[in-house]
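Asks: First, the structure itself, so that you have it in front of you.
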Amino acid sequence: MAFVVTDSCRDCMFTDCVPVCPVECFWADDRMIYIDPTVCIDCSACLPVCPVQAIYVEANLPDEKKHFTELNREKCASGTLVNLTEKRDPLPGAAAKRASLGL
Ligand code: SF4
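In my numbering, each number is its position in the sequence shown, counted from 1, plus 15.
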């Protein structure tokens, strides 16, 4: 099992999750962040700090978000992502995305 980033992160990327991760398993493309399931140690440190509640324990994913498990795995194995090791500025639409989620 691993933790999974879902669509609430898309066009958002607050990256509060990055500095709390002890194993640097967050990777990003230009729209969202993904967790490498081969590196995640299931510590749960990232889950409460995400401002848009985008991170789930795999076992708790709602049905409509279950496909994000495979997407996180595929993306992290693709060799196309950037490893995040520090918090960075959110994307320009992040505040609007957060508001659209009612958070
Ligand atoms: Fe990193 Fe822990 Fe979150 Fe896994 S559960 S991504 S190890 S902070």
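Virtual Cβ for every residue (Gly too), placed ideally from N, Cα, C.
Select from 46, 18, 26 and 17 the residue whose C-alpha is nearest the C-alpha of residue 116.
Replies: Residue 26 is the option with its Cα nearest to residue 116.
Asks: For residue 28 versus residue 17, is the C-beta spacing smaller than 8 angstroms?
Replies: Not closer than 8 angstroms, so no.
Asks: Would you call residue 121 buried or exposed, if buried means 16 or more other Cβ atoms sit within 10 Å of its Cβ?
Replies: Residue 121 lies beyond the range of the chain shown here (16 to 118); nothing can be said about it.
Asks: Kindly indicate which three-state DSSP category residue 43 falls into: helix, strand or coil?
Replies: In this structure, residue 43 counts as strand in the three-state DSSP scheme.
Asks: Could you check which residue in 32, 101, 82 and 89 has the C-alpha nearest to that of residue 66?
Replies: Of 32, 101, 82 and 89, the residue nearest in Cα terms is 32.
Asks: Enumerated in chain order, which unbroken segments of the alpha helix (DSSP H) with a length of 4 residues or greater are wholly contained in the segment 51-102?
Replies: Whole alpha helix (DSSP H) segments, 4+ residues: 83-92.
Asks: Ignore the nearest five residues each way along the sequence and tell me which others in residue 39's own chain have a CB closer than 7 angstroms to its CB.
Replies: Within the same chain, residue 39 has close Cβ partners 98 and 100.
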